[in-house]
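Q: Just so you know, the sequence shown maps onto residues 1 to 475 in UniProt numbering.
Structure provided below as structure tokens; questions to follow.
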Amino acid sequence: MQVWDPTAASPDPLQSPPRFPPANFPSTFPIIPTRAGAAPCSAATLTPNPLLPLFPPATAPPQEKLSREEQSSLWGLHKVRTLWRSAQRKAKDQELRQDIEILSQTFARVMDCKDGTIEALVTELKEAEEQQNRALSSHLDLTDQLLQLQRCRLGYLEQGFSAQVGALKAEFEAERRAMLEQQDWESWVLQEMELATEQEHARSKQEALLNFQSARDDIKNKCWQDQQYSRLTLGARLEGLWEQIQTARRNYAQATEKKKVEFEELKRKCEKTSCEINAQAKRLEKLQDMVTTTRGQIAAHLRKSEEQTQRIRGHREDAHQKLQKLRAQVTQASATAHTHLVTLSSQCSATLKVLQQLVEKVSWALLMSPCPVSCCPHLPIPVSPPGSAPPAPGRAVPQAGDRRGEGAALLPLLTGRVGAAKSPQGPGGDGQRAPGTGEEAPPQCSGCDSALGIPQLVLGAGWRAQNLPAASPHR
């Protein structure tokens, strides 16, 4: 939130008038509500009351105290605003007075300059009027002189014109007399020429008439001769053409008879074909009706087949979705089975390793026990470490890699010993049989009683690990 700084430089009043409050002055002071949902009061909702005490009594409730504090803060804000406005008014009044003084001085200087220019223009105007009057008087004098000169020149020109007119009149009269004499002579000559041309025209007309009559007679004779010759030739041609016309008429009559017969046959065929066409048209109409009915049936069958195909497609999509779900379940089950198989195989391998170590420890413990090997004939002789005595002859020596054989050899011996230790001894002490079996129980070694517990537990675990069923990959 921005805070108003009263010491900040105010803007130029001539450029932009100051406004109150400034842009960075907060319009309302933030008030923290005392409970959830309480809205802060503003200057628009509360009216300042100067009669309210600024410090309420201590017995007033907190809400009333808060409202009074808000009203007092609003009243203080109102006072600050009035003081700020009065200070701004004073500053603005001083600035405006200074501006008015400056503008009045400037206006006085401008008016002095304008008065000086007006006086200079008035003096220049007077001088220009005097010059114009002098120029006008000189112009009038010059025009008077020019008019006098033109009048003199006009008199001289009138005298010369009258002299030229007299000379032209005399010359015109002489030329007129000569032209009249020439006209009389030319008219006599033309009359003589007219008479001669009339005589020549009459003679030529008579000659032309005689020539025309002779040429007319010649043309008449020639035309009569041509007419007679053409009459003879045309008569012969007319007879030939008449014979050709008669032959053509006879040929036409014969051809028309054949054509009439063919026309009658074609007419009968046309009537027959028209009947057949009508019958075929009726059949076609019936066929079209049948086609329309069959098309409607086919469309109905197609709609039914489309509905059936849509239902089949919906069933197929449902089955496909179920198949996808089953495939996902099968893949998930196979993945879980594979993980279980991997964990079981890892656990079995770790168990076998532990059992191998325990079997080795038990064998070494039995070897190092105080009971001699001869008193425990069923115990296998463990592998001797380097530097120890060789095993007794006639006894199977387990190899280092045959861990399963060691466990299988030690397991019945240890279980038999434990069973003999738990079963009560007979009167003979030896030769007792194991319960539930026909075999004789092996002799109990008193020195090995303390060590038989550990191999029994260990070998029991090994026996369970060896006899575990193989995990099926499809399980």
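Ideal Cβ placement from N, Cα and C applies to all residues, glycine included.
Distance, Cα to Cα, T106 vs S72?
A: 51 Å
Q: Could you give the first and the last residue of the continuous alpha helix (DSSP H) run that contains residue 476?
A: This structure cannot settle anything about residue 476, because the visible part of the chain is limited to 1 through 475.
Q: Do you know offhand how far S162's Cα is from R153's?
A: When rounded, the distance between both Cα atoms is 15 Å.
Q: Can you list, in chain order, the residues of its chain with a C-beta nearer than 6 Å to that of Q159? Leave out the 5 residues immediately preceding and following it.
A: none
Q: Is it right to say V122 is buried, meaning 16 or more other beta carbons lie within 10 angstroms of its own, or is it exposed?
A: exposed
Q: State the Cα-Cα distance for the pair E307 and C270, rounded to the nearest angstrom.
A: 53 Å
Q: Just the Cα atoms here: how many angstroms apart are T256 and L241?
A: 22 Å
Q: Counting contacts by CB-CB distance shorter than 8 Å, is L210 in contact with chain C?
A: Included in the structure is just one protein chain, with no chain C present.
Q: Determine the direct distance from the alpha carbon of K260 to that of A253, and round the result to whole angstroms.
A: A253 and K260 have their alpha carbons spaced roughly 10 Å apart.
Q: Give me the Cα-Cα distance between M368 and E360, rounded to the nearest whole angstrom.
A: 12 Å
Q: Please classify V330 as buried or exposed, where buried requires at least 16 neighbouring CB atoms within 10 angstroms.
A: Residue burial annotation: V330 is exposed, with fewer than 16 other C-beta atoms found within 10 angstroms of its C-beta.
Q: If you count every other CB in all the chains shown that lies within 10 Å of the CB of L366, and 16 or more means buried, which is it?
A: Burial call: buried.
Q: With a 10 Å radius around its C-beta and 16 neighbouring C-beta atoms as the bar for buried, classify V362 as buried or exposed.
A: Burial check for V362: the Cβ neighbour count within 10 Å reaches 16 or more, so the residue is buried.
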